[in-house]
DNA sequence: GCCAACGTTGGC
DNA sequence: GCCAACGTTGGC
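In our numbering, the protein residues as written are 427 to 581.
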C-alpha cells in the first residue's frame, strides 16, 4: 500500500508551520467536519505526507511539509468545555471527532501561494483550487504533492 | 470586514 | 425526510 498525500489547513495565527517546527509534532485538533474526519479516520496512515497550508493568511498558501505520526484517535478538545472546539455531543465513550498527530518535516524556503498554485500547470485538479471547497483535510495526489514541494524548495 | 458558498440543525 | 435558517469557512 503506497503512502498517501494530504493537504491540511491551519490558520497561521492559530498554529503555523513555525509552531510545528518549534514543537516537532502536534495534535491536529479541532476538525469539525465529517468528510474531513472520515479522511483522517479511514485513510490517514503513519508516514503519509502532508502539505501544511496556511489559510486566512496573507497570502494563503502551502508553507511546508509535515508527516502523519499517529493515526486517528479521539479529539479530546471536544470534551473540554473551555475549549474553542468543545462539542457537547461528543462523549468520551462515543467520540464524534477525531484527530491525528503530525510531525514537522520541512518549512519551504518560500511559501507556495494560492496564486502560484493556480498558475502552475499540471495541478489544476487540486481540491484547494476548486471554488467552494472548504475541506480542511483534503487528499492530494503524489504528483500534486511532489510538484508543490518542488515549488516550495525552489524559492 | 464582506460575503459567497457550504454544512448543519431543527421544526414540521 | 424536506428545507429554511443559521453558522462557518476562507478568499478577497
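Here a beta-carbon is modelled for each residue, glycine too, at the ideal position from N, C-alpha and C.
Counting other Cβ atoms within 10 Å of its Cβ, residue 479 reaches 16 or more and is therefore classed as buried. Rounded to whole angstroms, the separation of the alpha carbons of residue 451 and residue 518 is 24 Å.
Annotated three-state conformation of residue 554 is helix, per DSSP.
The count of Cβ pairs closer than 8 Å, one atom from the stretch 520-528 and one from the stretch 479-494, reaches three, so the stretches are in contact.
With distances taken between CA atoms, residue 483 lies nearest to 435 out of 472, 459 and 435. Using a Cβ distance threshold of 9 Å, residue 488 and residue 563 do not count as a contacting pair. With respect to residue 431, residue 534 sits apart: the two C-beta atoms are not nearer than 9 Å. Contact check for residue 490 against residue 443 passes: the beta carbons are separated by less than 9 Å. Distance from the CA of residue 440 to the CA of residue 547, rounded to the nearest whole angstrom, comes to 31 Å. Judged by DSSP in its simplified three-state form, residue 540 adopts helix. The beta strand (DSSP E) runs of length 3 or more contained entirely in the stretch 436-467 are, from start to end of the chain, 451-453.
Unbroken beta strand (DSSP E) runs of no fewer than 3 residues, entirely contained in the stretch 462-546, are found at 475-480, 487-500 and 524-539, following chain order. Per the DSSP secondary-structure output, residue 564 pairs in a beta bridge with 433. In chain order, 433, 559, 561, 564, 565 and 566 place their CB closer than 8 Å to the CB of residue 553, counting only its own chain and leaving out the 5 sequence neighbours on each side. Minimum Cα-Cα distance from residue 579 among the listed residues 481, 499 and 477 corresponds to 477.
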